[in-house]
Amino acid sequence: MRPEDFKSEATPGRVIRHPNGYWAYIPNPLPPPIVWSGELISTLSAADRALGELAGLGQALPNPHLLIQPLIRREAVLSSRIEGTRASLADLYAYEAVQLTLF
439 MRPEDFKSEA TPGRVIRHPN GYWAYIPNPL PPPIVWSGEL ISTLSAADRA LGELAGLGQA
499 LPNPHLLIQP LIRREAVLSS RIEGTRASLA DLYAYEAVQL TLF
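In the numbering used here, the protein residues as written are 439 to 541.
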């Protein structure tokens with residue numbers, strides 16, 4: 439470990455030298471203190487209002503479960519990018535279409 443990699447103000451913790459000679463990163467305690475600013479409260483209020491609107495729209499749909507599978511597929515593609523996989527949503531749908539023709 440290189441202690442200089444942890445000297446940024448954005449790093450939530452500190453690096454110490456262990457008595458055995460190695461470096462150790464000690465994260466700050468969780469949860470971090472929340473500064474309840476007017477901007478934060480306004481943003482949280484807007485998010486709460488948007489979720490309420492979404493919940494209302496979901497109840498108006500005759501079958502809201504139809505929306506789940508496309509969202510699951512989209513999340514799978516985005517998650518796979520974290521692992522370095524280069525697949526698009528179109529690639530996934532093309533693969534699934536081929537699989538359906540095999541059965």
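We treat Cβ as the ideally placed atom computed from N, Cα and C, and that holds for glycine.
{"Asked": "E448 in three-state terms, based on DSSP", "Found": "Correcting the residue identity first, residue 448 is Ala in this sequence and not Glu. DSSP places A448 in coil when its eight states are reduced to three."}
{"Asked": "Element boundaries [alpha helix (DSSP H), containing A528]", "Found": "L527 to L540"}
{"Asked": "Boundaries of the alpha helix (DSSP H) in which I479 is found, first to last residue", "Found": "G476 to A498"}
{"Asked": "Sub-8 Å separation of V453 and P441 beta-carbons", "Found": "yes"}
{"Asked": "Beta bridge counterpart(s) of P465 as assigned by DSSP", "Found": "G451"}
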